[in-house]
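Engineer:
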Amino acid sequence: MEEPKSYSIEKLSESNYRSWSQVVESHLDDQDLWEVVNGQEAKPVSPVDPPTSETAEARQQHTTATTEYETAMAAWTKKAKKARKLIISTISPSIMTYVEGTKRTQRKCGRYWRDGTDRRLGSPYVSFNVSSTRSR
1082 MEEPKSYSIE KLSESNYRSW SQVVESHLDD QDLWEVVNGQ EAKPVSPVDP PTSETAEARQ
1142 QHTTATTEYE TAMAAWTKKA KKARKLIIST ISPSIMTYVE GTKRTQRKCG RYWRDGTDRR
1202 LGSPYVSFNV SSTRSR
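So our numbering is basically just the index in the sequence shown, starting at one, shifted up by 1081.
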């Protein structure tokens, strides 16, 4: 089993977004989590319900698809939780107030990652939207 990686990352503040985002992106990429954050690795989609007039073959195909979905969803959720933990753990208390209570972090994080500006603060900062592990 691979040992967990330990990083020393300066916490996100009102004045260090550009350097913080580059360092955090690098660490997320190193742990194969960046694609979850930026949306390239999308949340798995549940298979459609089988037709009401099922054949044995259709039931088997649906069972296989459901099993594959559950496996993919478990792997995606694990990655999303790890990414969320890394990101949240690198935010200073002064910025955390803008993150607390949000339900979806990953998708918005990718959107603001390159821009780095939020007009509410007038300074670089990331808007997190942690949807990775919670339903909408």
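Even glycine gets a Cβ: it sits at the ideal position worked out from N, Cα and C.
Predicted, not measured: the structure shown is a model, and the values here were computed from it.
Whether or not the segment 1139-1155 and the segment 1099-1106 are in contact is what I'm after, with contact meaning three or more pairs of Cβ atoms, one per stretch, closer than 8 Å; do they touch?
Structural biologist: Taking 8 Å as the limit for Cβ pairs, the verdict is that the segment 1139-1155 does not touch the segment 1099-1106.
Engineer: Identify the continuous alpha helix (DSSP H) that holds Ala1164 and give its terminal residues.
Structural biologist: Segment 1137-1169, the alpha helix (DSSP H) holding Ala1164.
Engineer: Could you check the C-alpha separation between Gln1112 and Ile1090 for me, to the nearest Å?
Structural biologist: If you take the alpha carbons of Gln1112 and Ile1090, they lie about 15 Å apart.
Engineer: Using only the alpha-carbon positions, how far apart do Val1104 and Ile1168 sit?
Structural biologist: Their Cα atoms are separated by approximately 11 Å.
Engineer: Since Thr1178 is in the alpha helix (DSSP H), which residue starts that stretch and which ends it?
Structural biologist: Note, Thr1178: alpha helix (DSSP H), 1174-1180.
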